[in-house]
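Asks:
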Amino acid sequence: MGKQTPFYALHVKANAKIVDFAGWDMPLHYGSQIQEHHQVRQHAGMFDVSHMGIVDLHGKDVNTYLRRLVANDVNRLTNGKALYTCMLNEQGGVVDDLIIYKLADDFFRLVVNAGTREKDMAWMQSQLPGLDVKLTERLDLAMLAIQGPEVKEKIQRFLPPQQADIILNLKPFQFASKKDLFIARTGYTGEDGYEVIFPKEEAVKLWETCLLFGIKPCGLGARDTLRLEAGLNLYGADMNETVTPLESNLAWTVMMEPQERKFIGREALEKQLQQGITHQLVGLVLEGPGIIRNHQSVHIPEDGRGEVTSGGYSPTLEKSIALARLPTNHQAQCYVEIRNKLVPAQVIKPPFVRHGKKVF
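According to the working numbering, the sequence shown is numbered sequentially starting from 120.
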């Protein structure tokens with residue numbers, strides 16, 4: 120038996136198919152992964168994401184610490200705002216991708232991936248010597264993602280008017296925090312919505328309130344197809360410690376200015392930029408029969424080969440799509456090797472779907 124979130128008994132009660140995910144017993148689906156996918160694209164769904172790591176950072180040196188720790192620049196943040204970034208090793212490889220929230224000059228919150236929690240904590244602790252920064256993993260908190268085009272309307276119905284006004288006025292990557300309730304306008308689906316952090320003792324109450332207003336539970340399966348359609352990277356598949364953000368369609372998360380900010384991995388990225396990027400992460404849309412799967416070979420006429428990093432079926436587009444790392448000088452057409460056959464595919468710049476609509 121793996122670790123369990125505060126929602127585990129509710130998943131079992133809802134007849135979820137429970138699977139191991141990074142050592143956690145998590146719901147894959149509650150009957151139909153495709154129905155859950157459409158629920159989020161068309162209405163509103165909720166995901167238990169309490170297996171992810173919530174880390175609070177306090178101290179007078181926390182801003183200095185984060186400016187060295189991550190490739191994006193937290194000086195861009197004001198209180199109540201968040202940014203997405205990568206944490207790199209000295210070789211420029213991605214230790215993890217995460218979201219950083221600024222609550223005060225001496226107080227930031229990080230949310231890291233479930234599968235990298237222990238590694239991330241050890242890495243972050245190793246960068247602390249000499250700095251006035253305290254890391255606290257918030258094991259007392261739970262996290263629920265509420266996503267979909269109807270989320271705003273539904274939340275407005277069950278929150279007190281004053282609280283609802285604050286939340287509904289949040290812009291993307293803004294958040295509101297009051298006592299133990301933390302609500303951010305962020306997500307991993309390509310739809311509008313919120314990620315809510317709260318004391319784990321409140322899990323049952325919030326879950327049942329969401330159900331009452333038609334926000335349906337969705338599992339890891341739908342979360343993966345939704346993020347793939349949105350062109351969002353999955354750590355361990357689309358990037359890891361052996362590839363840089365520049366090779367992972369994440370150059371926009373790297374702030375090279377100002378030049379005096381010496382973040383971990385900067386020298387490796389500067390060298391890579393000087394030498395030229397040889398591979399990049401792109402989107403693929405299959406034009407023939409079959410389903411693209413992770414690690415399949417991609418053939419580019421006259422330009423060599425690439426590899427699928429994330430592949431699957433798109434319920435919205437009703438065809439197979441993928442993220443793949445290809446040589447930089449690739450063509451607009453390629454072939455994916457599926458069961459020893461070369462199936463044609465179109466190369467696109469992600470995302471594939473935005474707000475429920477095809478965008479390529």
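Built from N, CA and C at the ideal position, the CB exists for glycine as well. Note that this is a predicted model, so its numbers are computed, not measured.
Going by DSSP, what residue range makes up the beta strand (DSSP E) through His-474?
Replies: Taken as a continuous stretch (DSSP letters only), His-474 belongs to no beta strand (DSSP E), as it is neither H nor E.
Asks: For the alpha helix (DSSP H) that Trp-326 lies in, which residues bound it at each end?
Replies: Element bounds for Trp-326: 322-331.
Asks: May I have the straight-line CA-CA distance separating Phe-140 from Gly-234, to the nearest angstrom?
Replies: If I take the Cα positions, the gap works out to 8 Å.
Asks: Is it buried or exposed for Glu-480, if we count other Cβ within 10 angstroms and need 16 for buried?
Replies: Outside the shown range of the chain, which is 120 to 479, sits residue 480, and nothing can be said about it.
Asks: Could you check the C-alpha separation between Ile-274 and Val-315 for me, to the nearest Å?
Replies: Those two C-alpha atoms are separated by around 12 Å.
Asks: Could you say which of Thr-308, Val-159, Asn-134 lies nearest to Pro-470 if we only look at CA atoms?
Replies: It is Thr-308 whose Cα lies nearest to the Cα of Pro-470.
Asks: Below 8 Å CB to CB, which residues in the same chain sit around Lys-271 once its five sequence neighbours on both sides are set aside?
Replies: These residues qualify, in order along the chain: Leu-287, Asp-311.
Asks: Check for me: the beta strand (DSSP E) holding Ala-264 runs from which residue to which?
Replies: Ala-264 -> beta strand (DSSP E) spans 260-266.
Asks: Alpha carbon to alpha carbon, how far is Tyr-432 from Gly-475?
Replies: Whole-angstrom Cα-Cα distance: 15 Å.
Asks: Could you say which of Phe-166, His-162, Pro-146 lies nearest to Gly-267 if we only look at CA atoms?
Replies: Taking only the C-alpha atoms, the option nearest Gly-267 is His-162.
Asks: Under 8 Å Cβ to Cβ from Gly-306, same chain only, skipping five residues before and after it: list those, please.
Replies: Only Ala-264, Gln-266, Gly-312, Tyr-313, Glu-314 meet the Cβ criterion.
Asks: To the nearest angstrom, report how far apart Ile-383 and Leu-188 are at their CA atoms.
Replies: For Ile-383 and Leu-188, the distance between alpha carbons rounds to 6 Å.
Asks: With a CB to CB cut of under 7 Å and the five nearest residues on each side skipped, what residues in its chain are close to Asp-215?
Replies: Result list for Asp-215: Met-206, Val-231, Asn-232, Thr-235, Asp-239, Tyr-354, in chain order.
Asks: Using C-beta distances below 7 Å, list every residue in its chain close to Ser-416, excluding the 5 sequence neighbours before and after it, in chain order.
Replies: Counting only Cβ-Cβ distances below 7 Å, and skipping sequence neighbours, we find Arg-424, Glu-426, Glu-456.
Asks: Indicate the three-state DSSP secondary structure (helix, strand or coil) for Asp-144 in the structure shown.
Replies: Asp-144 falls in the strand class under three-state DSSP.
Asks: Taking the runs of the beta strand (DSSP E) that are 3 residues or longer, which of them lie wholly in the region 386-463?
Replies: With a minimum length of 3 residues, the continuous beta strand (DSSP E) runs that stay inside the region 386-463 are 398-405, 416-419, 423-433, 438-446, 452-457.
Asks: Quick test of the definition: if touching needs 3 or more C-beta pairs under 8 Å, does the region 239-258 touch the region 398-416?
Replies: No, the region 239-258 is not in contact with the region 398-416.
Asks: In terms of residue numbering, what span does the beta strand (DSSP E) encompassing Asp-167 cover?
Replies: Its beta strand (DSSP E) spans residues 164-167.
Asks: Kindly provide the ranges of any alpha helix (DSSP H) runs that are 4 or more residues long and lie completely inside the region 168-194, ordered along the chain.
Replies: DSSP runs (the alpha helix (DSSP H)) wholly in the region 168-194: 181-188.
Asks: When the Cα atoms are used, what is the spatial distance from Ser-367 to Lys-298?
Replies: Cα to Cα, Ser-367 sits roughly 37 Å from Lys-298.
Asks: Excluding the five sequence neighbours on either side, which residues of its own chain have a C-beta within less than 7 Å of the C-beta of Pro-420, listed in chain order?
Replies: Answer for Pro-420: Gln-450, listed in chain order.
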